[in-house]
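Student: In terms of this note's numbering, the sequence shown opens at residue 56 and continues consecutively.
Note that CB positions come from ideal geometry on N, CA and C, so glycine has one too.
First the structure, then my questions, so here it is.
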Amino acid sequence: MKRILNKVRGSGALPARPNRWQIVAGLIGGSVGIGLIAVLAHVQNLPLLMAPFGATCVLLFAAPDTPLAQPRNVIGGHLVSSLVGLLFLKYVGVGPLEMGLAVGLAIALMQATRTLHAPAGADPLVVLMSGKAGWSFLFAPVFASAVILVLVAIVVNNVGQNKQWPRYWF
């Protein structure tokens, strides 16, 4: 029992607090990114918002150098996972077992395609819980909103000297 407790208590200290600019970048990037999507959704009367994009903003603007925050992962991860959700909605079903399998399959496919993006793991649930998403869901909100967030991240994450984002595209 002591061995198990030693494993789960952790052995490291808290990470350093981000510098002021990184905190401000998170505030600005998240506000502008989601705000822009919300305005466009209202003006165009399109369903561009979904909850996982809030978590995408955390990665894009608070941890932009991580692999999970690169454009390939953001856009590709959301597309792959939403496609899984749509396939389950249309052809498999929407029960608890199907929801679990859809999320698991989305994770496996994101890993296999090197598009792992943690917030996108929730996309199959968004699709399945909607009960009515159509194939156009892949364009709006998924593709359009992911691209908007990446474009905002390009601006926000390249402000200042010695800043270079993204680390890679493909």
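Grab the span of the alpha helix (DSSP H) containing Asn-128 for me, first residue to last.
Tutor: What you label residue 128 is simply residue 73 of the sequence shown in a count that begins at 1. Unbroken alpha helix (DSSP H) run through Asn-128: 126-142.
Student: Taking Phe-225 as the reference, give the member of Pro-126, Ala-110, Ala-93 with the closest Cα.
Tutor: Taking the first residue of the sequence shown as 1, we reach residue 225 at position 170. The candidate whose alpha carbon is nearest that of Phe-225 is Pro-126.
Student: Are the beta-carbon atoms of His-97 and Asn-128 separated by less than 8 Å?
Tutor: Stepping through the sequence shown from its first residue, residue 97 is reached at position 42. Stepping through the sequence shown from its first residue, residue 128 is reached at position 73. The answer is no: Cβ separation not under 8 Å.
Student: From this set, Gly-159, Ile-89, Ser-191, Leu-164, which residue's C-alpha is nearest Leu-206's C-alpha?
Tutor: Position 151 of the sequence shown, counted from the first residue, corresponds to residue 206. Nearest of Gly-159, Ile-89, Ser-191, Leu-164 to Leu-206, Cα basis: Ile-89.
Student: Can you tell me whether DSSP reads Gln-166 as helix, strand or coil?
Tutor: Here residue 166 refers to the residue found at position 111 when the sequence shown is read from its first residue. Gln-166: helix per DSSP, three-state reduction.
Student: Measuring CA to CA, which of Ile-162, Met-56, Leu-101, Gln-77 is closest to Phe-192?
Tutor: The count along the sequence shown starts at 1 and reaches residue 192 at position 137. Ranking the options by Cα distance to Phe-192, first place goes to Leu-101.
Student: Quick one: residues in its chain with C-beta nearer than 6 Å to the C-beta of Gly-85, no 5 flanking neighbours on either side, listed in chain order?
Tutor: The sequence position of residue 85 within the sequence shown is 30, counting from 1. Once the five neighbours on either side are set aside, the close Cβ partners of Gly-85 are Cys-112, Phe-116.
Student: Please name the residue in Gly-131, Asn-212, Pro-107, Ile-92 whose C-alpha comes closest to that of Thr-168.
Tutor: In the sequence shown, counting from the first residue as 1, residue 168 sits at position 113. With distances taken between Cα atoms, Thr-168 lies closest to Gly-131.
Student: Return no unless some Cβ of chain C is closer than 8 Å to the Cβ of Ile-130.
Tutor: The question asks about chain C, but that chain is absent: this structure has only one protein chain.
Student: Just to confirm my understanding: we take Ala-80, look at its own chain, exclude 5 residues before and 5 after, and list those with CB closer than 6 Å. What are they?
Tutor: What you label residue 80 is simply residue 25 of the sequence shown in a count that begins at 1. Cβ within range, chain order: Phe-116, Val-211.
Student: Terminal residues of the continuous alpha helix (DSSP H) containing Met-184?
Tutor: Sequence index remark: in the sequence shown, residue 184 carries index 129 (1-based). It spans 178-185 - the alpha helix (DSSP H) in which Met-184 sits, taken as one unbroken run.
Student: Give me, in chain order, the residues of the same chain whose beta-carbon lies closer than 7 Å to that of Ser-137; leave out the 5 immediate sequence neighbours on both sides.
Tutor: Numbered from its first residue, the sequence shown carries residue 137 at position 82. Cβ within range, chain order: Asp-178, Val-182, Phe-192, Leu-193, Val-197.
Student: Which term fits Thr-121, buried or exposed, when burial requires 16 or more other beta carbons within 10 angstroms of its beta carbon?
Tutor: Translated into the one-based positions of the sequence shown, residue 121 becomes position 66. Thr-121 should be labelled exposed.
Student: Are there 16 or more other CB atoms within 10 angstroms of the CB of Leu-123, so buried, or fewer, so exposed?
Tutor: The sequence position of residue 123 within the sequence shown is 68, counting from 1. Per the 10 Å Cβ criterion, buried.
Student: For Pro-151 and Arg-64, I'd like the C-alpha separation in whole angstroms.
Tutor: To locate residue 151, count along the sequence shown from 1; it is residue 96. To locate residue 64, count along the sequence shown from 1; it is residue 9. The alpha-carbon atoms of Pro-151 and Arg-64 are separated by roughly 32 Å.
Student: Rounded to whole angstroms, what's the CA-CA distance from Ile-92 to Asn-213? Just pull it up for me.
Tutor: As a first step, residue 92 is located in the sequence shown; it is residue number 37 there, counting from the start. As a first step, residue 213 is located in the sequence shown; it is residue number 158 there, counting from the start. Going from the Cα of Ile-92 to the Cα of Asn-213 covers about 21 Å.
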